[in-house]
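> Just add 19 to the spot in the sequence shown (first one is 1) and you have the working numbering.
Just so you know, even glycine gets a beta-carbon here, dropped at the ideal spot from N, CA and C.
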Amino acid sequence: MVQKVLRGRGKLGKVAELMDKLNMKKPLLVCGKRMAQVFAEQVSGVAYAHFDGYHPNPDFADCAAGAAMYQAEGCDGIISLGGGSAMDTAKAVKALLIAENANKAMQSILPEDAVLPHIAIPGTAGTGAEATQIAVMYVNDQKLSLSHPALLPEGVILDAALLDTLPEYHKKACALDALCQGIESYWAKAATSDSQVHAYLAIIGVLDNIRAYLAGDPNAAEAMLEAAYRSGRAIQISRTTAAHAMSYQITKKLGLAHGHACMLTLPVLWDVMIDNTDTLSILMDLSQKMRLGSEYMGSRLLAGLLIDLGMEPETMPDEATLDALADSVNAERLGNHPMPLTRDDLKKIYRRAFTRRAGADRQVCIDLWKYYGQ
Numbered sequence: 020m021v022q023k024v025l026r027g028r029g030k031l032g033k034v035a036e037l038m039d040k041l042n043m044k045k046p047l048l049v050c051g052k053r054m055a056q057v058f059a060e061q062v063s064g065v066a067y068a069h070f071d072g073y074h075p076n077p078d079f080a081d082c083a084a085g086a087a088m089y090q091a092e093g094c095d096g097i098i099s100l101g102g103g104s105a106m107d108t109a110k111a112v113k114a115l116l117i118a119e120n121a122n123k124a125m126q127s128i129l130p131e132d133a134v135l136p137h138i139a140i141p142g143t144a145g146t147g148a149e150a151t152q153i154a155v156m157y158v159n160d161q162k163l164s165l166s167h168p169a170l171l172p173e174g175v176i177l178d179a180a181l182l183d184t185l186p187e188y189h190k191k192a193c194a195l196d197a198l199c200q201g202i203e204s205y206w207a208k209a210a211t212s213d214s215q216v217h218a219y220l221a222i223i224g225v226l227d228n229i230r231a232y233l234a235g236d237p238n239a240a241e242a243m244l245e246a247a248y249r250s251g252r253a254i255q256i257s258r259t260t261a262a263h264a265m266s267y268q269i270t271k272k273l274g275l276a277h278g279h280a281c282m283l284t285l286p287v288l289w290d291v292m293i294d295n296t297d298t299l300s301i302l303m304d305l306s307q308k309m310r311l312g313s314e315y316m317g318s319r320l321l322a323g324l325l326i327d328l329g330m331e332p333e334t335m336p337d338e339a340t341l342d343a344l345a346d347s348v349n350a351e352r353l354g355n356h357p358m359p360l361t362r363d364d365l366k367k368i369y370r371r372a373f374t375r376r377a378g379a380d381r382q383v384c385i386d387l388w389k390y391y392g393q
């Protein structure tokens, strides 16, 4: 399925045009209260039902409530507006609506020919969820990943004006998520030539535009939104690897945003891969694509970016927390990482990730990022 994509500032106001193309008359709008107000201000002549009864980590009850509202209001499609939580909720609502029953929905057993259009409108430049068939919801506090081609949104609107009022930390963390997805996708075992093209565009899009984006440049915001979309296109094919697998409990236990949590371990994973002869070649290739003189600069560039953004780790977790983090990592996602990692490896990586760089090494990291692209 080829997505229908509208790009450009102000395109949210053109959502009715995309609805017409998808034969959608009355959507269920899945978004928070702030985004619902933005939608109401910019979109006229569209009847819809608004659902905001979901958590940042949507659970089964949230999604079931959304499906019930969809049916009660006589909706014929879904629009999700906001971050990954809104889009995940919308995808899970769709799964519950088109599956034979809830059990099959939770197993991603869905009909291929179900007609229930979904327009995804990201309000952040980060997750790329608008470009994937993957959704996450929680069942009895256990993370459940749904994945099926039927969950890939049929329509996408990339309107960078929606990014203008995001809090600075949120902008930074989402940008890091897109960058991590690009890098992880590029080196993933499941990478293809197509996914690596999308991954490359995501990586360069973030690295070349993040400074101007955070300074308020509207053109850079459009480039960042496109980079995030490309990162989603990349992981739709290749999926993610160890940095993402290691991030979830950092967020849950320590409260860091998802993209921030991913970037803490990514530079360390890069360094670990340099010492492995089987992964050195992909790092050399990736370093060239990132316009770096050596594969040894990659981890330091990423560390320098973290330092510059003021997102270095605050403190070292205690031993019990490090153990819990190492024990929590999803083995399936590790299987897509380009080299094997043991439980001891994971704990060492976590420890290094929470250790601030110091001395000459720290200065090298700072200088690499300071002069990158100049």
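Please work out which residues of its chain come closer than 6 angstroms, Cβ to Cβ, to Gly-103, disregarding the five sequence neighbours upstream and downstream, and give them in chain order.
Excluding residues within five positions, the ones whose Cβ falls inside 6 angstroms are Thr-146 and Ala-148.
> Using the rule of at least 16 other Cβ atoms within 10 Å of the residue's Cβ for burial, across every protein chain shown, is Gln-161 buried or exposed?
Exposed is the call here.
> Quick one: Cα of Pro-141 to Cα of Arg-230, how far?
So the alpha carbons of these two residues sit roughly 21 angstroms apart.
> Would you mind giving the Cβ-Cβ distance between Ile-194 and Gly-278, rounded to the nearest angstrom? I have them listed as a contact below 8 angstroms.
Reading off the sequence shown, one finds Ala at residue 194, where the question assumed Ile. With a Cβ gap of about 7 angstroms, Ala-194 and Gly-278 count as contacting.
> For Ala-139, report the span of its beta strand (DSSP E) as first-last.
Here the beta strand (DSSP E) through Ala-139 covers 137 to 141.
> What are the start and end residues of the alpha helix (DSSP H) that includes Arg-252?
From DSSP, the alpha helix (DSSP H) with Arg-252 extends over 237 to 257.
> What does the Cβ neighbour count give for Gln-393, buried or exposed, with the cut at 16 atoms within 10 Å?
Per the 10 Å Cβ criterion, exposed.
> From which residue to which residue does the beta strand (DSSP E) around Arg-26 run?
Note, Arg-26: beta strand (DSSP E), 23 to 26.
> I'd like to know whether the C-beta atoms of Ala-114 and Ala-169 end up nearer to each other than 9 angstroms.
It is a contact, given that the beta carbons lie within the stated cut-off.
> Are there any heavy atoms of the ligand ZN lying less than 8 angstroms away from the beta-carbon of Ala-139, as far as the coordinates show?
Looking for the ligand ZN in the displayed structure turns up nothing, as the structure carries no ligands at all.
> Can you tell me whether Asp-178 is buried or exposed? The criterion is at least 16 other CB atoms within 10 Å of its CB, across all chains shown.
It is buried - the Cβ of Asp-178 has at least 16 other Cβ atoms within 10 Å.
> So the alpha helix (DSSP H) Pro-286 belongs to, where does it begin and stop?
Element bounds for Pro-286: 277 to 293.
> Use the C-beta contact count for Lys-389: other C-beta atoms within 10 angstroms, 16 or more gives buried, fewer gives exposed.
So Lys-389 counts as exposed.
> Which two residues bound the contiguous beta strand (DSSP E) that contains Met-156?
Where Met-156 is concerned, the enclosing beta strand (DSSP E) stretches over 153 to 158.
> Within the continuous alpha helix (DSSP H) that includes Leu-233, where are the two ends?
212 to 233 is the extent of the alpha helix (DSSP H) around Leu-233.
> What are the start and end residues of each continuous alpha helix (DSSP H) run of 4 or more residues lying completely inside the region 102 to 130, in chain order?
If we require 4 residues or more, the alpha helix (DSSP H) runs fully inside the region 102 to 130 come out as 103 to 117 and 121 to 125.
> Start and end of the beta strand (DSSP E) containing Gly-174?
Element bounds for Gly-174: 174 to 177.
> Hey, how far is the Cα of Met-45 from the Cα of Asp-39?
Here the sequence assigns Lys to residue 45, which means Met is not the residue at that position. Their Cα atoms are separated by approximately 11 angstroms.
> Please state whether the Cβ-Cβ distance between Val-112 and Cys-82 is less than 9 angstroms.
Yes, the pair counts as a contact, with Cβ atoms nearer than the cut-off.
> Taking 8 angstroms as the limit between beta carbons, can you name the residues of its chain near Thr-334, skipping five residues before and five after?
Around Thr-334: Phe-373.
> With respect to the alpha helix (DSSP H) encompassing Lys-208, which residues constitute its N-terminal and C-terminal limits?
Note, Lys-208: premise wrong, no alpha helix (DSSP H); not H, not E.
> With DSSP as the reference, label Phe-58 as helix, strand or coil.
Helix at Phe-58.
> Judging by CA-CA distance, which residue of Met-156, Thr-296, His-69 and Lys-23 is the nearest neighbour of Glu-92?
Per the Cα distances, His-69.
> Can you give the Cα-Cα distance for Ala-210 and Gly-274, rounded to whole angstroms?
Cα-Cα distance, rounded: 31 angstroms.
> Sort out for me which residues DSSP pairs Ala-68 with in a bridge.
According to DSSP, Ala-68 bridges with Leu-47.
> The alpha helix (DSSP H) with Gln-161 in it runs from where to where?
Counting along the chain, Gln-161 falls outside any alpha helix (DSSP H), though it belongs to the beta strand (DSSP E) covering 161 to 166.
> If Ile-117 sits next to Pro-130, beta carbons under 8 angstroms apart, how far is it from one beta carbon to the other, in whole angstroms?
The Cβ separation is near 6 angstroms, so the contact holds.
> Taking only three categories from DSSP, how would you classify Gly-329?
Coil, per DSSP.
> Apart from the five residues just before and just after Leu-360, which ones in its own chain have a Cβ nearer than 7 angstroms to its Cβ?
Excluding sequence neighbours, Leu-360 sits near Ala-261 and Leu-353.
> If we count Cβ pairs, one from each stretch, closer than 8 angstroms, do we get three or more for the region 323 to 331 versus the region 375 to 388?
Cβ pair count under 8 angstroms is three or more, so yes.
> Per DSSP, what kind of secondary structure is Leu-100 in: helix, strand or coil?
Here Leu-100 sits in strand by DSSP.
> Measuring only the C-alpha atoms, how far is Leu-47 from Lys-366?
Those two C-alpha atoms are separated by around 44 angstroms.
> Round the Cβ separation of Glu-203 and Thr-259 to the nearest angstrom and send it over; I've been treating them as touching at under 8 angstroms.
Contact holds; Cβ gap of about 5 angstroms.
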